[in-house]
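Undergrad:
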Amino acid sequence: MKQIILAAGYATRLHPLTEHTPKPLLPVDGQPMIEHVLTSSAAIGGIERTLVVTNERFTGHFENWLAEYQIAHPNFNGTIINDGTSSNEDRLGAIGDLHHVIEREAIDDDVLVIAGDNLFTGDLRGFGDRCRETQSPVLGLHDVGSLDEAKKYGVVAVDESGRLISFEEKPDAPKSTLIGIALYYYPRAVLPEIRRYIKEGHNPDQPGRLVQWLYPQQPVHTWVVPGDWLDIGSHETLAAADALFSR
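Numbering (the working numbering), first residue to last: 4 to 250.
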């Protein structure tokens, strides 16, 4: 299985911190955020290679990070992919970046997709078990516990088997507090559908939109992540993550 870490955003809401440093390399408890992501995803199992997709501005930053990381983790098989964009205005979008990596690297394998700014305190081992059990696309879920908070995300509903039956992106009136997060599994057989999504001109940003498009066409299963989940998008959430992981 290939792991694709989405790290090509420009994180303008975190300026000035991210003017010269990509968000996934900002420190959380003294460690680059992306390293917390890698620690969490390792528990999923079966990852043979990790591809970090970033932009032209920050490619060198990630290459320097990877060189140092591989000294401490010599068995880590990682590659930095430059998506060729240089500003927030010409970015490919998360799904565009996923498609770019699949095409550039000619990937013909199962794919794990995770955002480089999503942090977890719980064990993700069960996500891997769910993927192997269903052999279908799997979406990670989290209960944000508040309808107001849910308005910021893709709100979902599932049936008794955990299969996705509803997905609403940032609804004004959420039906639940259960949201989809940037943790996805796509079996090899689904990769042509990602290519079709892009070819048909659908929105290449917001990675949940791919799942929203896919689930009416084929089964998409889900798994609720345990523990805390933090989507680092502001100075406040970065400070909260630092405090949480410091404990």
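Beta carbons: idealized from backbone N, C-alpha and C, even for Gly.
So what does DSSP say about LYS5, is it helix, strand or coil?
TA: strand
Undergrad: In its own chain, which residues sit with a C-beta less than 7 angstroms from the C-beta of VAL161, not counting the 5 before and 5 after it?
TA: LEU167, ILE168, THR225
Undergrad: Buried or exposed: where does THR21 fall if 16 or more other Cβ atoms within 10 Å of its Cβ makes it buried?
TA: buried
Undergrad: ASP111 to ARG191, Cα distance in whole Å?
TA: 6 angstroms
Undergrad: Go ahead and label SER164 buried or exposed: buried means 16 or more other beta carbons lie within 10 angstroms of its beta carbon, across all protein chains shown.
TA: With fewer than 16 other CB atoms across the displayed protein chains lying within 10 angstroms of its CB, SER164 is exposed.
Undergrad: Give the range of the alpha helix (DSSP H) segment to which GLY129 is assigned.
TA: Segment 128 to 137, the alpha helix (DSSP H) holding GLY129.
Undergrad: Residues in the same chain with beta-carbon distance under 6 angstroms from GLN73, minus the five sequence neighbours each way, listed in chain order, please.
TA: PHE79
Undergrad: Assign ALA118 to one of three DSSP states: helix, strand, or coil.
TA: Correct three-state label for ALA118: strand.
Undergrad: Grouping DSSP H, G and I as helix and E and B as strand, with all else coil, what is PRO30?
TA: strand
Undergrad: Per DSSP, which residues does ASP234 bridge with? Please list them.
TA: ASN121
Undergrad: Does the pairing of the segment 219 to 234 with the segment 166 to 185 give three or more beta-carbon distances under 8 angstroms?
TA: yes
Undergrad: For ASN85, which three-state DSSP category applies?
TA: strand
Undergrad: Name the DSSP beta bridge partners of GLY143, please?
TA: TRP226
Undergrad: Alpha carbon to alpha carbon, what distance is there between THR62 and THR88?
TA: 10 angstroms
Undergrad: Could you name each continuous beta strand (DSSP E) segment of 3 residues or more that falls completely within the segment 49 to 74, going from the start of the chain to the end?
TA: 52 to 57
Undergrad: Whole-angstrom Cβ separation of PRO27 and ASP120, contact assumed at under 8 angstroms?
TA: 6 angstroms
Undergrad: Report yes or no: do the segment 190 to 208 and the segment 115 to 129 share at least 3 C-beta pairs separated by less than 8 angstroms?
TA: no
Undergrad: Looking at the unbroken alpha helix (DSSP H) that takes in SER169, where does it start and where does it end?
TA: The continuous stretches of alpha helix (DSSP H) do not include SER169, which lies in the beta strand (DSSP E) extending over residues 167 to 172.
Undergrad: If you draw a straight line from the alpha carbon of PRO222 to that of ARG212, how long is it in whole angstroms?
TA: 15 angstroms
Undergrad: Return the chain-ordered list of same chain residues with a C-beta closer than 6 angstroms to the C-beta of ILE50, the five sequence neighbours on each side being excluded.
TA: MET4, GLN6
Undergrad: Could you have a look at LEU95 and say whether DSSP puts it in helix, strand or coil?
TA: coil
Undergrad: Which residues share a DSSP beta bridge with VAL158?
TA: VAL158 is bridged by DSSP to GLU171, ILE182.
Undergrad: Could you please give the first and the last residue of the uninterrupted alpha helix (DSSP H) stretch that includes ASP151?
TA: 150 to 153
Undergrad: Quick one: is THR42 buried, meaning 16 or more other Cβ sit within 10 Å of its Cβ, or exposed?
TA: exposed
Undergrad: Buried or exposed: which applies to PRO25, given that a residue is buried once 16 or more other Cβ atoms fall within 10 Å of its Cβ?
TA: buried
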